[in-house]
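Below you'll find the structure, written out as structure tokens, and then a few comments.
Residue numbers (the working numbering): 285 to 406.
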């Protein structure tokens, strides 16, 4: 991630209005492949991006926002796919979200190659 982008994350204002939140979620969406459980992490924040929404923040919303911001700052570095190495696919489905992670195993351990998450519509 570009250093200037990292500073934007550190200095991103707390949840102020739906437009600011939408901007942050669009920014985060660009890096979603680097964030494990992305769809679960954004959870209830997506309800605020509708045009007629009123921003009434509760403790859970603030927690999810801060968790997403922290995930962007500390996201895992993905490894390049190496065909000779053993490959593992892990999946999980919980609370209206699906997650899958492609790993490869090397001498130094298990490394993420690709992350994917989707929020399921109720």
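No residue lacks a Cβ here, since even glycine has one placed at the ideal position from N, Cα and C.
Alpha-carbon spacing of residue i relative to residue j, whole angstroms
{"i": "residue 286", "j": "residue 356", "result": "Only weak support exists for where residue 286 lies, its pLDDT of 43 falling under 50; the coordinates are left without a value."}
{"i": "residue 299", "j": "residue 323", "result": "18 Å"}
{"i": "residue 372", "j": "residue 349", "result": "30 Å"}
In DSSP terms, what residue i is bridged to
{"i": "residue 378", "result": "381"}
{"i": "residue 372", "result": "387"}
With 16 other Cβ atoms within 10 Å as the buried cut-off, status of residue i
{"i": "residue 314", "result": "exposed"}
{"i": "residue 332", "result": "buried"}
{"i": "residue 378", "result": "exposed"}
Limits of the unbroken beta strand (DSSP E) element including residue i
{"i": "residue 394", "result": "393-403"}
Collapsed DSSP secondary structure at residue i in the structure displayed
{"i": "residue 352", "result": "helix"}
Span of the alpha helix (DSSP H), counted from its first residue to its last, around residue i
{"i": "residue 322", "result": "322-326"}
{"i": "residue 367", "result": "Run containing residue 367: none; DSSP gives neither H nor E here."}
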